[in-house]
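Numbering (this note's numbering), first residue to last: 1 to 409.
Notes follow the structure.
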Ligand SMILES: Nc1nc2c(ncn2[C@@H]2O[C@H](COP(=O)(O)OP(=O)(O)O)[C@@H](O)[C@H]2O)c(=O)[nH]1
Ligand SMILES: [Mg+2]
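Given below as C-alpha cells:
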C-alpha cells in the first residue's frame, strides 16, 4: 500500500483564551491522525471576531505571502468558522483549501469508525455540518478536491445538492435506529478470535500512537494473517510469547464542539469490546482531569473492563515521586517504564490462569495431546505410572483436567 496523504497542513491559531497552547499542540497530533504533515503555524490575538474573516485581513495577507508558492497546502483554522468565513479566508489566501477544527475532527472520526453504528453516526455528523455549507451551490466546496475534510461521505456528497443530503440524513437516522435496536457487537470480528485485546484510550496528544509504535515496533507486519484484516490502528503485541491485539483509539479532544459529541462517542465503541484498557494521560499536563473525563465518558457508555492507568511523558516531569502511585509511569520517547508496563499488562490477564500439577497415566496419554492445545506445559517428567507435568491453563479448563490433579504429597 502506498501512503496516500502528503497533504501539508498549516495552522491558523486564534488566541482567545489561556488554553490556546494546549489546543494548538493538540491540533498537531490531530493533523497527524488525519494523515497530514504539519508545516507551520500563525498565531493571532483575537480581541473582536471579524464577521467576514474571523481574524483581520492584515494577518491574512501576511499568511498568504508566507504560504505563497507552496503546493498541496491545506490551512487548518483551529476554531469554528461559519460557512462564509471559510470561503472568505480561502479567497484571501488565494484559493487555498481551508478547513476548520470541526471538519478536521470529523475527518478523523470517519477514518476511525469501525462498527456500522459508528460509521452511520459519523456520517450523520458530517452531513449535518456540511449541509448549511452547501449554499453557494458547492462551488467552493467541490474545489476542495480530496484529502482531509473530504473523507467519509464527503467526496460524493459534496457534489450533490442539499435536497439529496436531506434525504440521505433521513435515511441514515432511520438506519441508526434500526442498528441500535439490534445492536450486535458480535459482528466485530475481533470478538470471534481468542486473542486478548488491549485498547489505548485517553486524550489526544498524550502519546498513545507513539506508545503503540514503540510497543509493537518489532512486530509491525504481524506474522498472523488474523491481524492483516483488521483496521490499521490495531497491531500485534508480543509479551513473553503471548499475543495481544493492541488498538489505538480516537483521542479525547479539548474543547470538543458539542454537536459532534455523539459522533465522538461512537468511535469509542472499540474500547468497550476490549479485554483491557490502558488509560493514557500526560504526566506534564492536567492528568487528573484527563483520567476523570476518560473514565466518566466510558462509564456512561457502559464500559466495565479492566483498566491500567498509565502516565506518559514522565521525562518532562522533574519530581516523578510526586506522581500518583496507582499509575504506571512511563516515557514512550525514552522507553523508561516500558518493562513495568508490559509486566502490568500480562499480570492483568494472569488471574484467568491457574497452574495445575497433573499426573496422567499411560492409558490416558491422548489427554496430554489435548492438554497441549489449551495449556502451556511448564514441566514434564515420565515416571513408572505415566507422565507428571505442571501446566498453566485458563481456569475454564479446570474441570476438563481436574481428575488428573496430582494429590499433594
Ligand atoms: N517528551 C515526550 N514527548 C512524547 C512522549 N510520548 C509522545 N510524545 C510526543 O507527544 C506528541 C503526541 O504524541 P502522539 O503519539 O501523536 O499522541 P496521541 O494523540 O495520543 O496519539 C508527539 O509530538 C510525540 O512525539 C513522551 O514520553 N515524552
Ligand atoms: Mg494518535
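Note that beta-carbon positions come from the ideal geometry of N, C-alpha and C, so glycine has one too.
For clarity, every value in this text was computed on a predicted model and none was experimentally measured.
Within 7 Å: the Cβ of residue 29 and any heavy atom of ligand 2? yes
For residue 220, is the classification buried or exposed, using 16 other Cβ atoms within 10 angstroms of its Cβ as the cut-off for buried? Low per-residue confidence applies at residue 220: pLDDT is 43, beneath 50, and the placement is therefore not dependable enough to give any value.
Just the Cα atoms here: how many angstroms apart are residue 410 and residue 358? Since the first residue shown for the chain is 1 and the last is 409, residue 410 is missing from the structure and cannot be characterised.
Simplified DSSP assignment, three categories, for residue 252: strand
Beta bridge counterpart(s) of residue 359 as assigned by DSSP: 388
Which two residues bound the contiguous beta strand (DSSP E) that contains residue 42? 37-45
Any non-hydrogen atom of ligand 1 within 7 Å of residue 206 CB: yes
Given residue 307 as reference, the closest of 406, 34, 380 and 348 once Cα atoms are compared: 348
Please work out which residues of its chain come closer than 8 Å, Cβ to Cβ, to residue 256, disregarding the five sequence neighbours upstream and downstream, and give them in chain order. 105 and 264
Applying the 10 Å Cβ sphere with the 16-neighbour rule, what's the burial state of residue 14? buried
Pick from 46, 262, 129 and 53: whose alpha carbon is nearest that of residue 18? 46
Distance, residue 303 Cα to residue 66 Cα: 47 Å
In three-state DSSP terms, what is residue 144? The predicted model places residue 144 with a pLDDT of 48, which falls under 50 and marks its position as unreliable; any figure quoted below should be read in that light. Reduced to three states, the DSSP call for residue 144 is coil.
Where does residue 396 sit, in a helix, a strand or coil, going by DSSP? helix
With 16 other CB atoms within 10 Å as the buried threshold, where does residue 345 fall? buried
For residue 202, does the count of other Cβ atoms within 10 angstroms reach 16, so buried, or fall short, so exposed? buried
Buried or exposed for residue 196, going by 16 or more other Cβ atoms inside 10 Å? buried
Find the nearest neighbour of residue 52 within the set 243, 214, 90 and 242, judged by alpha-carbon distance. 90
For the alpha helix (DSSP H) containing residue 374, list its first residue and its last residue. 365-374
Give the list of continuous alpha helix (DSSP H) stretches no shorter than 4 residues that lie fully inside the stretch 83-131. 83-92, 101-112 and 116-130
Is the Cβ-Cβ distance between residue 280 and residue 206 less than 8 Å? yes
Quick check on this structure: which residue in 335, 269, 16 and 30 has the alpha carbon closest to the alpha carbon of residue 54? 16
Enumerate in chain order the residues of its own chain whose CB-to-CB distance from residue 80 is below 7 Å, with the five nearest sequence positions on each side excluded. 100, 101, 102 and 257
Can you find the residues in the same chain that come closer than 7 Å, C-beta to C-beta, to residue 242, ignoring five residues on each side of it along the sequence? 346
Straight-line Cα distance separating residue 322 from residue 270: 33 Å
Label residue 115 either buried or exposed according to how many other C-beta atoms from any shown protein chain fall within 10 Å of its C-beta, with 16 as the threshold for buried. buried
With 16 as the cutoff for other CB atoms within 10 Å, does residue 129 come out buried or exposed? buried
Sort out for me which residues DSSP pairs residue 316 with in a bridge. DSSP lists no partner for residue 316.
For residue 64, I'd like the list of residues in its chain whose CB is within less than 7 Å of its CB, leaving aside the five on either flank, ordered along the chain. 92, 93 and 94
Under 8 Å between the Cβ atoms of residue 125 and residue 260? yes
Can the beta-carbon of residue 305 be found closer than 8 Å to that of residue 351? no
Please report how far the alpha carbon of residue 192 lies from the alpha carbon of residue 373, in whole angstroms. Legend: pLDDT at residue 192 = 48, less than 50; position of this residue unreliable, no value from coordinates given.
In or out: residue 40 buried (at least 16 other Cβ within 10 Å) or exposed? exposed
Less than 8 Å between the C-beta atoms of residue 285 and residue 314, yes or no? no
Close-in-space but distant-in-sequence residues of the same chain around residue 156 (CB under 8 Å, 5 per side omitted): With a pLDDT of only 48 at residue 156, under 50, the local geometry of the prediction cannot be trusted, and no value is derived from it.
Are the beta-carbon atoms of residue 390 and residue 378 separated by less than 8 Å? yes
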